[in-house]
Amino acid sequence: MVGKGSLEIEVGEIKKTVRITRAHLEEDAGKSSHGAVENGTGIDLNRAGTPLLEIVSEPDMTSALEAVAYAKKLHELVQWIGICDGNMQEGSFRCDINVSVKRKGTDKLGTRREIKNLNSFKFIEQAIHYETQWQIEMLEEGKVIQQATVLFNPETGETKAMRSKEEANDYRYFPDPDLLPLEISDEKISQIKASMTELPHLMKARLEKDYQLSSYDAGGITSAKHVADYFFATLKEGAEPKQIANWILGQLFSKLNEHNLSIEYSPIKPEVLSLLLKRIQDGTISNNGAKQLFEKLWVSPDLQIDALIESEGLKQVSDSGLIEVMIGEVLKNNQAMVDEYRSGKDKAFNALVGQIMKVSKGKANPSQVNDLLKKKLS
């Protein structure tokens, strides 16, 4: 149903394009369950008849890390466009890995063996490492590798041949008489294209270009569709994009992980987070004060932020005259620190800021404190 394409992956700082041969529809069949019954093989028909999409790639991956990066990118993509829930434990997304090795100095690939039904990224990496080493040892001992289908045993970390691998013509493909030819018009294709959601790699590029997010932050925001939706919903309420990304990937993700929640079930909704961040932006509260409010809002998300700021005494002191009085008091009582700073020891400046914040009980606007202190010491 889909012809040739490609997918870009990243392994560390290295970007690589993996070619896609095709994607085709199949109907899931029963599967053999070796060891399920004593001295025999069980047949599991739980997924029989379930439609599945098989995506076939070219042999462009040269390491376990690249294979895992490719699988993760596909996993992210099929969830993003809503065609798969991505549940690997239940078999919604699984991988068959073809592994072969070749000697240095030659371009010819060796005989491949296919590892079937890997349902975790950890197993993909472990299986490839073991199979690669096994094939290398076989060749170094002068033995011949037979094309085969193999299974990976997570308990032993080893692969084991299940059956000799058929060639394509051994599958005995034939047309299904119940499936009529289907013609899709260019107009229909255009309609589908127009209705498609923005893909994650395109959105990531837009976040970096239009909102000046770092590659790391843009990658985090586009790691899942619900995260991106939450980001843009918060942005729509008027908060600043970089600050939104920092709080989603930091404070919010930490809390979600702590409670084993996905972002769509966050008790703190985008409009609440946006108002909280705007109160930092307008100088009403400090970043630390916002974190205190965040903890309370997590438990009681219906609390009114402005009323909470007053009741908790978290409103910042932004009166420059009052801050200057505090600065004068701190400078008078810490002459040694003042002398250290004026002799070139920059750390003394931070120490003085700390003393001023202590005098203000954490309520002085840090930005104003820095600006006014610098003027006072210049």
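Note that the sequence shown covers residues 973 to 1350 in this note's numbering.
Ideal placement from N, C-alpha and C gives every residue a C-beta, glycine not left out.
Keep in mind it's a predicted model, so treat the numbers as computed, not measured.
> Applying the criterion that 16 or more other CB atoms from any shown protein chain within 10 Å of the CB defines a buried residue, is I981 buried or exposed?
Replying inline: With at least 16 other beta carbons inside 10 angstroms of its own, I981 counts as buried.
> Does DSSP put P1023 in a helix, a strand or coil?
Replying inline: P1023 falls in the strand class under three-state DSSP.
> Can you round the beta-carbon distance between L1303 and Y1313 to whole angstroms, since I take them to be within the 8 Å contact cut?
Replying inline: That belief does not hold up - the Cβ atoms of L1303 and Y1313 are roughly 10 Å apart, past 8 Å.
>> I'd like to know whether the C-beta atoms of A1177 and A1190 end up nearer to each other than 9 Å.
In response: It is a contact, given that the beta carbons lie within the stated cut-off.
> Straight-line CA distance for D1208 to A1217?
Replying inline: Correcting the residue type first, residue 1208 is Lys in the shown sequence and not Asp. Taking the straight line from one Cα to the other gives about 13 Å.
> Among G1210, M973 and G1054, which residue has its Cα nearest to the Cα of R994?
Replying inline: For R994, the closest of G1210, M973 and G1054 by C-alpha to C-alpha distance is M973.
>> In this structure, how does DSSP classify V1073 when only helix, strand and coil are distinguished?
In response: It is coil, neither helix nor strand.
>> Which same chain residues end up closer than 7 Å to F1124 when comparing Cβ atoms and leaving out the 5 residues on each side of it in sequence?
In response: Within the same chain, and ignoring the five residues on either side of F1124 in sequence, the residues whose Cβ sits closer than 7 Å to its Cβ are I1087, L1090, F1095, A1099 and T1131.
> Where does Q1184 land, buried or exposed, given buried means 16+ other C-beta within 10 angstroms?
Replying inline: By the neighbour-count rule (16 or more Cβ atoms within 10 Å), Q1184 is not buried but exposed.
> When you compare only the Cα positions, how much space is there between H1198 and E1236?
Replying inline: Rounded to whole angstroms, H1198 to E1236 spans 6 Å at the Cα level.
>> Per DSSP, what are the beta-bridge partners of S1238 in this structure?
In response: According to DSSP, which records beta bridges pairwise, S1238 is partnered with nothing at all.
> Which stretch, first to last residue, makes up the beta strand (DSSP E) that contains K1214?
Replying inline: Here K1214 belongs to no beta strand (DSSP E); instead the alpha helix (DSSP H) covers P1213 to W1219.
> Taking C-beta to C-beta, are Q1288 and T1256 nearer than 9 Å?
Replying inline: Yes. Within cutoff.
>> Which residue wins for smallest C-alpha separation from T1104, given the options S1092, F1093 and G1082?
In response: Considering only alpha carbons, the answer is G1082.
> Which residues in the same chain have their Cβ closer than 7 Å to the Cβ of N1306, if we skip the five residues on either side of it in sequence?
Replying inline: Excluding sequence neighbours, N1306 sits near L1324 and Q1327.
> Just the Cα atoms here: how many angstroms apart are E1113 and R1084?
Replying inline: Going by the C-alpha atoms only, they are around 18 Å apart.
> Counting Cβ pairs, one atom from each stretch, are 3 or more of them under 8 Å apart for the segment 1238-1251 and the segment 1264-1274?
Replying inline: Yes, the segment 1238-1251 touches the segment 1264-1274.
>> Can you tell me whether R1135 is helix, strand or coil according to DSSP?
In response: When secondary structure is reduced to three states using DSSP, R1135 falls in the strand class.
> Would you call G1261 buried or exposed, if buried means 16 or more other Cβ atoms sit within 10 Å of its Cβ?
Replying inline: Counting Cβ neighbours within 10 Å, G1261 comes out buried, since at least 16 surround it.
>> So, for N1259: in the same chain, excluding its five sequence neighbours on each side, which residues have a beta-carbon less than 7 Å away from its beta-carbon?
In response: When the five nearest sequence neighbours on each side are left out, the beta carbons in the same chain lying within less than 7 Å of the beta carbon of N1259 are those of I1252, in order along the chain.
>> the ligand ADP and Q1253: does the residue's C-beta get closer than 8 Å to at least one heavy atom of that ligand?
In response: This structure simply doesn't include the ligand ADP, nor any ligand for that matter.
>> I'd like to know whether the C-beta atoms of V983 and S1035 end up nearer to each other than 9 Å.
In response: Yes, the Cβ-Cβ distance between V983 and S1035 is below 9 Å.
> Based on Cα-Cα distance, which residue from A1196, V1297 and L1037 lies nearest to Q1051?
Replying inline: Comparing alpha carbon positions, the residue from A1196, V1297 and L1037 closest to Q1051 is A1196.
>> Quick check: S1111 and V1073, are their CB atoms within less than 9 Å of each other?
In response: A quick correction: the sequence has Leu, not Ser, at residue 1111. The answer is yes: Cβ separation under 9 Å.
> Around the Cβ of I992, are there at least 16 other Cβ atoms within 10 angstroms (buried) or fewer (exposed)?
Replying inline: Buried, by the Cβ-count rule.
>> Considering only the alpha carbon of each residue, which of D1278, I986 and M1060 lies closest to L1249?
In response: It is D1278.
> Is it true that the CB of Q1223 sits closer than 9 Å to the CB of S1292?
Replying inline: S1292 is not a Cβ neighbour of Q1223, given a cutoff of 9 Å.
> Given a threshold of 16 other Cβ atoms within 10 Å of its Cβ, counted over all protein chains shown, does I1164 qualify as buried or as exposed?
Replying inline: With fewer than 16 other Cβ atoms within 10 Å, it is exposed.
>> Strictly by DSSP, which residues pair up with I1087?
In response: Looking at the DSSP output, I1087 sits in a beta bridge with I1069 and V1122.
> Who are the near neighbours of L1247 in its chain, counting only those whose CB is closer than 6 Å to its CB and skipping five residues on each side?
Replying inline: If we look at L1247 and ignore the five residues flanking it on each side, its Cβ neighbours are I1277.
> Of all the options I1053, S1029 and D1150, which has the alpha carbon lying nearest to the alpha carbon of Y1042?
Replying inline: Of the candidates I1053, S1029 and D1150, the one whose C-alpha sits nearest the C-alpha of Y1042 is S1029.
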